[in-house]
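In our numbering, the protein residues as written are 196 to 401.
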């Protein structure tokens with residue numbers, strides 16, 4: 196890391212927008228002039244002083260959700276896992292096996308055709324469907340807020356990049372004007388020398 200990059204990292208704690216930008220630029224940063232670096236530093240300092248538009252959507256939703264929403268998320272997460280599928284299959288197998296092992300003796304809780312089992316399955320499906328829909332609605336809300344936040348961040352970045360390019364263009368135009376002025380001055384001196392019959396200084400003879 197160069198001297199300029201180390202200074203920027205130390206002054207901003209190593210995690211500011213300026214230090215990050217300079218680490219990303221690296222070789223490009225070294226090729227910039229002092230004026231161009233000053234412009235970039237000014238824009239980055241202004242960005243650092245303003246509140247950043249990015250937000251942690253997951254953290255905000257987790258803090259604001261109610262107990263019912265938290266429970267719905269947990270139920271939907273468990274209901275969509277292999278653990279639930281295997282446990283449910285095991286329960287069904289044991290229920291059918293137990294009630295099929297004692298036919299006609301009055302000991303079966305739910306003999307064939309397993310009417311009580313069908314009732315329980317219908318109740319589970321009736322309760323699980325709205326719970327899953329609640330969790331899906333929260334996921335859709337999370338996606339909408341994340342997309343809105345990404346859009347705001349992208350707009351901010353685009354505006355800052357355009358502003359940075361405009362300032363760099365102004366600096367380059369000023370440098371070109373200065374170079375043209377220097378070239379005109381050199382041409383004027385050369386014309387004066389030629390008009391006065393002077394000679395251009397050449398290399399010293401050895």
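All C-beta atoms, glycine included, are put in the ideal place defined by N, C-alpha and C.
Indicate whether residue i and residue j have their beta-carbon atoms separated by less than 8 angstroms.
{"i": "residue 347", "j": "residue 274", "result": "no"}
{"i": "residue 326", "j": "residue 270", "result": "yes"}
{"i": "residue 280", "j": "residue 309", "result": "no"}
To the nearest whole angstrom, what separates the beta carbons of residue i and residue j, a pair I think is in contact under 8 angstroms?
{"i": "residue 294", "j": "residue 303", "result": "4 angstroms"}
{"i": "residue 337", "j": "residue 256", "result": "6 angstroms"}
Under the three-state reduction of DSSP, which class applies to residue i: helix, strand or coil?
{"i": "residue 344", "result": "helix"}
{"i": "residue 209", "result": "In this prediction, residue 209 has a pLDDT of 40, which is less than 50 and means its spatial position is unreliable; what the coordinates show is noted afterwards. Coil, per DSSP."}
{"i": "residue 330", "result": "helix"}
{"i": "residue 338", "result": "helix"}
{"i": "residue 274", "result": "helix"}
{"i": "residue 309", "result": "coil"}
{"i": "residue 382", "result": "helix"}
{"i": "residue 303", "result": "coil"}
{"i": "residue 351", "result": "helix"}
{"i": "residue 390", "result": "helix"}
{"i": "residue 317", "result": "helix"}
{"i": "residue 357", "result": "helix"}
Would you call residue i buried or exposed, if buried means 16 or more other Cβ atoms sit within 10 Å of its Cβ?
{"i": "residue 330", "result": "buried"}
Using CA atoms only, rank isn't needed, just tell me which of the options is closest to residue i.
{"i": "residue 261", "options": "371, 374, 333 and 388", "result": "333"}
{"i": "residue 283", "options": "315, 306 and 256", "result": "315"}
{"i": "residue 289", "options": "305, 276 and 340", "result": "305"}
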